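Structure record follows, encoded as structure tokens.
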Amino acid sequence: MRKIWRRSALFFSMTLVPVSLAGHAESHYSGPSPVKDEPTWVLVGAGDIADCRGLGGAEATAKLLDQIPGTVMAVGDLAYPPGRHPAIMNSMPGGTPYFDYFGALAGEPKTGYYSYDLGSWHCKDVGGCESGSPQQRWLRADLASHPVACTLAYWHKPLFSSGSAHGNDLAMKPLWDALYDANADVVVNGHDHDYERFAPQTPDGVSDAVRGIREFVVGTGGKNLRPFGTAKPNSEVRDFSAFGVLKLILKPNGYDWQFIPEEGKTFTDSGSGVCH
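In case it helps, my numbering puts the sequence shown at residues 11 to 286.
Rendered as structure tokens:
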């Protein structure tokens, strides 16, 4: 039986239950059969499915998720993890119904940020924050206490984006500063309703093939798709023709990515990266 677990802006969809789900405790998962001598974990998902009156894109991406065994992540503006638009968060101060419903699976009460391990990967669900905020202090402390080979973080608003509706959000730079200082590898965001992949870069937007963080914007979860504005520096791939999901195969020392479009669409994007 397929089981779905909830951690704030992340849905876990696995064949076996986690050992622990409380607070920031470590959890262990079992996904598809790994290659011998190289265990792997699969993350797959997208953001921006907030409006349940959408045009059917949410159903298309949900169908994709049903076909891909793994851990399913959703990067905001859904029904109803924290993001920009979800009514369950905006209609009640502090998102009380959200935390009441998901309980410990949503992290510490009234915060919603936490971390967990998938093999050699340390994964973080965070939100936008200012420099010196409690969340940024937690992030830096958590990074310092987990000096692992590979680090991935995800939240809703991207620091870098060529999307015409929102574009770059410099308020996210404190998160990037903390992650870059700790040699993090991958960031996944939504917010702009499109798919975009950036080359590894610094928090200041300078290309950095050695220590740079690779960012994916995956706002293709089903709400609607929007065109791009002027391409930002280091943007490698952009598409707004298809709803779809990003599949990440996490390896002990690297990762593979693949954008999987809805049925009937042809755009895709794939590649590999190594951890710092």
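Even for Gly, the Cβ is constructed at its ideal location relative to N, Cα and C. Quick caveat, the model's predicted, so the values are computed rather than measured.
Subject >> Contact check, S172 vs T278, beta carbons under 8 angstroms >> reply: Indexing the sequence shown from 1 puts residue 172 at position 162. Indexing the sequence shown from 1 puts residue 278 at position 268. Pairing S172 with T278 gives a Cβ-Cβ distance that is not under 8 angstroms.
Original post:
So Y123 packs on Q145, CB below 8 angstroms; how close in whole Å?
Top reply: Translated into positions along the sequence shown, residue 123 becomes position 113. Translated into positions along the sequence shown, residue 145 becomes position 135. Their Cβ separation, rounded to whole angstroms, is 6 angstroms, which keeps Y123 and Q145 in contact under 8 angstroms.
**OP:** Using beta-carbon positions only, say whether L189 and T212 come within less than 8 angstroms of one another.
**Re:** Reading the sequence shown from its first residue, position 179 is the one you call residue 189. Reading the sequence shown from its first residue, position 202 is the one you call residue 212. For the 8 angstroms CB-CB criterion, L189 and T212 do not form a contact.
Subject >> Span of the alpha helix (DSSP H) around Q146 >> reply: By one-based count along the sequence shown, residue 146 stands at place 136. Where Q146 is concerned, the enclosing alpha helix (DSSP H) stretches over P144 to A154.
**OP:** Could you tell me which residues DSSP pairs with S4 in its beta bridges?
**Re:** In this structure the chain extends from 11 to 286, so residue 4 is not present and cannot be described.
Subject >> Nearest-angstrom Cα separation, counted from E273 out to H286 >> reply: As a first step, residue 286 is located in the sequence shown; it is residue number 276 there, counting from the start. As a first step, residue 273 is located in the sequence shown; it is residue number 263 there, counting from the start. Answer to the nearest angstrom: the Cα atoms are 35 angstroms apart.
Original post:
Count the other CB atoms within 10 Å of the CB of N244; is the residue buried (16 or more) or exposed (fewer)?
Top reply: Indexing the sequence shown from 1 puts residue 244 at position 234. Classification for N244: buried.
Original post:
If you check the beta carbons only, do V196 and R224 fall under 8 angstroms apart?
Top reply: Counted from its first residue, the sequence shown places residue 196 at position 186. Counted from its first residue, the sequence shown places residue 224 at position 214. Contact: yes.
**OP:** Give the secondary structure of G117 by DSSP, where H, G and I count as helix, E and B as strand, and everything else as coil.
**Re:** For the purposes of this step, residue 117 is identified with residue 107 of the sequence shown, where counting begins at 1. Here G117 sits in coil by DSSP.
**OP:** Use the C-beta contact count for A252: other C-beta atoms within 10 angstroms, 16 or more gives buried, fewer gives exposed.
**Re:** Here residue 252 corresponds to residue number 242 of the sequence shown, with the count starting at 1. A252 counts as buried, since no fewer than 16 other beta carbons sit within 10 angstroms of its beta carbon.
**OP:** Flag this pair as yes or no: are the beta carbons of H201 and G229 separated by less than 8 angstroms?
**Re:** By 1-based counting over the sequence shown, the position of residue 201 is 191. By 1-based counting over the sequence shown, the position of residue 229 is 219. In this structure, G229 lies closer than 8 angstroms to H201 by Cβ.
Original post:
By DSSP, does K275 sit in helix, in strand, or in coil?
Top reply: Start at 1 with the first residue of the sequence shown, and residue 275 comes out as number 265. In this structure, K275 counts as coil in the three-state DSSP scheme.
Subject >> Candidates F170, P157, K261 and A175: closest to A181 by CA position >> reply: Position 171 of the sequence shown holds residue 181. Considering only alpha carbons, the answer is F170.
**OP:** Evaluate V227 with the Cβ neighbour count: other Cβ atoms within 10 Å of its Cβ, from every protein chain shown; 16 or more gives buried, anything less gives exposed.
**Re:** As a first step, residue 227 is located in the sequence shown; it is residue number 217 there, counting from the start. It counts as buried.
Subject >> Where E69 falls, given that 16 or more other Cβ within 10 Å makes a residue buried >> reply: Position 59 of the sequence shown, counted from the first residue, corresponds to residue 69. Using a 10 angstroms sphere on the CB of E69, the tally of other CB atoms stays under 16, which defines it as exposed.
**OP:** Specify the secondary structure class of F226 as computed by DSSP and reduced to three states.
**Re:** The residue you call residue 226 lines up with position 216 of the sequence shown. Taken through DSSP and simplified to helix, strand or coil, F226 comes out as strand.
Original post:
Alpha carbon to alpha carbon, how far is S125 from V52?
Top reply: By 1-based counting over the sequence shown, the position of residue 125 is 115. By 1-based counting over the sequence shown, the position of residue 52 is 42. S125 and V52 have their alpha carbons spaced roughly 17 angstroms apart.
Original post:
Roughly how many angstroms lie between the CA atoms of D191 and Y205, to the nearest whole one?
Top reply: In the sequence shown, counting from the first residue as 1, residue 191 sits at position 181. In the sequence shown, counting from the first residue as 1, residue 205 sits at position 195. Computed Cα separation, rounded: 26 angstroms.
Original post:
Where do the ends of the beta strand (DSSP E) carrying L162 lie?
Top reply: For the purposes of this step, residue 162 is taken as residue 152 along the sequence shown, with counting starting at 1. Counting along the chain, the beta strand (DSSP E) containing L162 begins and ends at C160 to Y164.
Subject >> Span separating the alpha-carbon of H203 from that of D179 >> reply: The residue labelled residue 203 in the question sits at position 193 within the sequence shown. The residue labelled residue 179 in the question sits at position 169 within the sequence shown. Whole-angstrom Cα-Cα distance: 15 angstroms.
**OP:** Return helix, strand or coil for L235, following the three-state DSSP convention.
**Re:** Counting from 1 along the sequence shown, the entry for residue 235 is found at position 225. L235 falls in the coil class under three-state DSSP.
Original post:
Does DSSP put F109 in a helix, in a strand, or in coil?
Top reply: Numbered from 1 along the sequence shown, position 99 holds the residue referred to as residue 109. Three-state DSSP puts F109 in a helix.
**OP:** Report the rounded CA-to-CA distance for F250 versus D214, giving the unit in angstroms.
**Re:** Taking the first residue of the sequence shown as 1, we reach residue 250 at position 240. Taking the first residue of the sequence shown as 1, we reach residue 214 at position 204. Pairing F250 with D214, the inter-Cα distance amounts to about 26 angstroms.
**OP:** Would you decide whether N199 is buried or exposed? Buried here means 16 or more other CB atoms lie within 10 Å of its CB.
**Re:** Position 189 of the sequence shown, counted from the start, is the residue given in the question as residue 199. That one is buried.
Subject >> C-alpha distance - V284 paired with S143, whole-angstrom precision >> reply: Locating residue 284 in the sequence shown gives position 274, counting from the first residue. Locating residue 143 in the sequence shown gives position 133, counting from the first residue. Going from the Cα of V284 to the Cα of S143 covers about 31 angstroms.
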